[in-house]
Amino acid sequence: KQEVTQIPAALSVPEGENLVLNCSFTDSAIYNLQWFRQDPGKGLTSLLLIQSSQREQTSGRLNASLDKSSGRSTLYIAASQPGDSATYLCAVRFHNNAGNMLTFGGGTRLMVKP
Amino acid sequence: ETGVTQSPTHLIKTRGQQVTLRCSSQSGHNTVSWYQQALGQGPQFIFQYYREEENGRGNFPPRFSGLQFPNYSSELNVNALELDDSALYLCASSITGGAVGYTFGSGTRLTVV
Chain A
6 KQEVTQIPAA
16 LSVPEGENLV
26 LNCSFTDSAI
36 YNLQWFRQDP
46 GKGLTSLLLI
56 QSSQREQTSG
66 RLNASLDKSS
76 GRSTLYIAAS
86 QPGDSATYLC
96 AVRFHNNAGN
106 MLTFGGGTRL
116 MVKP
Chain B
414 ETGVTQSPTH
424 LIKTRGQQVT
434 LRCSSQSGHN
444 TVSWYQQALG
454 QGPQFIFQYY
464 REEENGRGNF
474 PPRFSGLQFP
484 NYSSELNVNA
494 LELDDSALYL
504 CASSITGGAV
514 GYTFGSGTRL
524 TVV
């Protein structure tokens, strides 16, 4: 069964810290991996998309890495700010699954304290 | 370039009723997917539409059905609503065959009482 797991489920850090969110997946045959941000009660905002042939992607203070062989991705947030407080979701598009669906992890709920 | 828009934003229905949710895909996108997100969980795939036909389905019963229109907009219909159908319903659009990710809408919050 193709599954995605995110650890930790919740994280609280003081403002200014660099932090790493983890995502693991059970099947290395992936098409791509996408990180999303979700504010309470809202939709998903795409942060970074990593194709299976790529090792990492960067956008501003965010850097996402991909290691297919170990089934892992990390999202690195530099110099965290209170505005970064949200739930971060990792989603994998596996090969040969129904309708090119995304399989989501349960998310990491991040709180950055001033 | 417009993003994905969903309507309505909130909805309250009674158990046993039927509901229709609507989604307009991002300009240039030809594929629409629907997800259900229960509180505190990651989204779960319901189904996807491409060229006006269902192109894959998750583990949801037949009372969940959908449509895609020639302009790539879409509807999600749920019949015989149950209390457990209460969730945030998310629509996402993409391009089949393209190396692009998914763009999500803001969702419709459905409450079944």
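Sequences listed follow chains A and B, in order. For the first sequence, this note's numbering gives the first residue as 6, with consecutive numbering after it. For the second sequence, this note's numbering gives the first residue as 414, with consecutive numbering after it. Backbone N, C-alpha and C define an ideal beta-carbon position, used for all residues, glycine too.
**Report entry** Contact check, B/C504 vs B/V432, beta carbons under 7 Å
**Finding:** In this structure, B/C504 keeps its C-beta atom at 7 Å or more from the C-beta atom of B/V432.
Query raised in the report: So the beta strand (DSSP E) A/T63 belongs to, where does it begin and stop?
Result: Boundaries of the beta strand (DSSP E) around A/T63: 61-64.
Query raised in the report: What's the C-alpha gap between B/P473 and A/G110?
Result: Note on residue identity: the sequence assigns Phe, not Pro, to residue 473 of chain B. Rounded to the nearest angstrom, the two C-alpha atoms are 19 Å apart.
Query raised in the report: Is the shortest distance between the beta-carbon of B/S519 and the beta-carbons of chain A less than 7 Å?
Result: B/S519 counts as touching chain A.
Query raised in the report: In the region 31-95 of chain A, which residue ranges form an unbroken beta strand (DSSP E) of at least 3 residues, counting only runs that do not cross its ends?
Result: Taking only runs of at least 3 residues, the beta strand (DSSP E) segments lying wholly in the region 31-95 of chain A are 35-43, 49-56, 61-64, 67-72, 77-82.
Query raised in the report: Is there contact here, the region 435-446 of chain B with the region 479-489 of chain B, by at least three beta-carbon pairs under 8 Å?
Result: In short, these stretches touch, since the Cβ pair count reaches three.
Query raised in the report: chain A beta carbons: is any one of them nearer than 7 Å to that of B/G378?
Result: Nothing in the structure corresponds to residue 378 of chain B, since chain B is present only between 414 and 526.
Report task. Using a threshold of 7 Å, state whether the C-beta atoms of A/A69 and A/Q62 are closer than that. Result -> The answer is yes: Cβ separation under 7 Å.
Requested in this report: Starting from B/Y463, trace the beta strand (DSSP E) both ways and give me its first and last residue.
Outcome: Its beta strand (DSSP E) spans residues 457-463.
Requested in this report: Please decide whether A/M116 counts as near chain B, where near means a Cβ-Cβ distance under 7 Å.
Outcome: Chain B contact via Cβ: absent.
Requested in this report: State the CB to CB distance for the pair A/N37 and B/G514, rounded to an integer number of angstroms; the pair is presumed to be in contact (CB under 8 Å).
Outcome: That pair is a contact at about 7 Å.
Query raised in the report: Per DSSP, what kind of secondary structure is A/N105 in: helix, strand or coil?
Result: Three-state result, A/N105: helix.
Query - Spatially closest choice to B/S507 from B/C436, B/T524, B/V526, by CA coordinates - result: B/S507 has its Cα closest to that of B/C436, out of B/C436, B/T524, B/V526.
Query raised in the report: What separation, rounded to the nearest whole angstrom, lies between the Cα atoms of B/Q481 and A/I55?
Result: Each residue's alpha carbon lies about 28 Å from the other.
Query raised in the report: Counting contacts by CB-CB distance shorter than 7 Å, is A/L24 in contact with chain B?
Result: It does not: the Cβ of A/L24 has no partner Cβ on chain B nearer than 7 Å.
**Report entry** Outcome for B/R428 when other beta-carbon atoms lying within 10 angstroms are tallied against a minimum of 16
**Finding:** Exposed: under 16 other Cβ atoms inside 10 Å.
Query raised in the report: Got a sec, what are the start and stop residues for the beta strand (DSSP E) A/V18 sits in?
Result: Note, A/V18: beta strand (DSSP E), 15-19.
Requested in this report: Flag A/A14 as yes when its Cβ comes closer than 6 Å to any non-hydrogen atom of the ligand PLP, and as no otherwise.
Outcome: In terms of ligand content, the structure shown is empty, and the ligand PLP therefore cannot be addressed.
Query raised in the report: Grouping DSSP H, G and I as helix and E and B as strand, with all else coil, what is B/L496?
Result: In the three-state DSSP reduction, B/L496 falls in the helix class (H, G or I).
Query raised in the report: Going along chain A in order, which residues have a C-beta closer than 8 Å to the C-beta of B/L503?
Result: Around B/L503, the beta-carbon contacts reaching into chain A at under 8 Å are G48, L49.
**Report entry** B/N513 - DSSP class collapsed to helix/strand/coil
**Finding:** The residue you asked about is not Asn; residue 513 of chain B is Val in the sequence shown. Reduced to three states, the DSSP call for B/V513 is coil.
Report task. Within the same chain, show all residues whose beta-carbon is closer than 7 Å to that of B/Q430, passing over the 5 residues directly before and after it, in chain order. Result -> Residues L494 of the same chain have their beta carbon placed closer than 7 Å to that of B/Q430, with the five preceding and five following residues left out of the count.
Report task. Over the uninterrupted beta strand (DSSP E) stretch that includes B/G469, give me the two end residues. Result -> Looking at the DSSP string, the run of the beta strand (DSSP E) that includes B/G469 is 466-470.
Report task. Would you tell me roughly how many angstroms separate the C-alpha atoms of A/P119 and B/N468, rounded to the nearest one? Result -> Roughly 46 Å between the two C-alpha positions.
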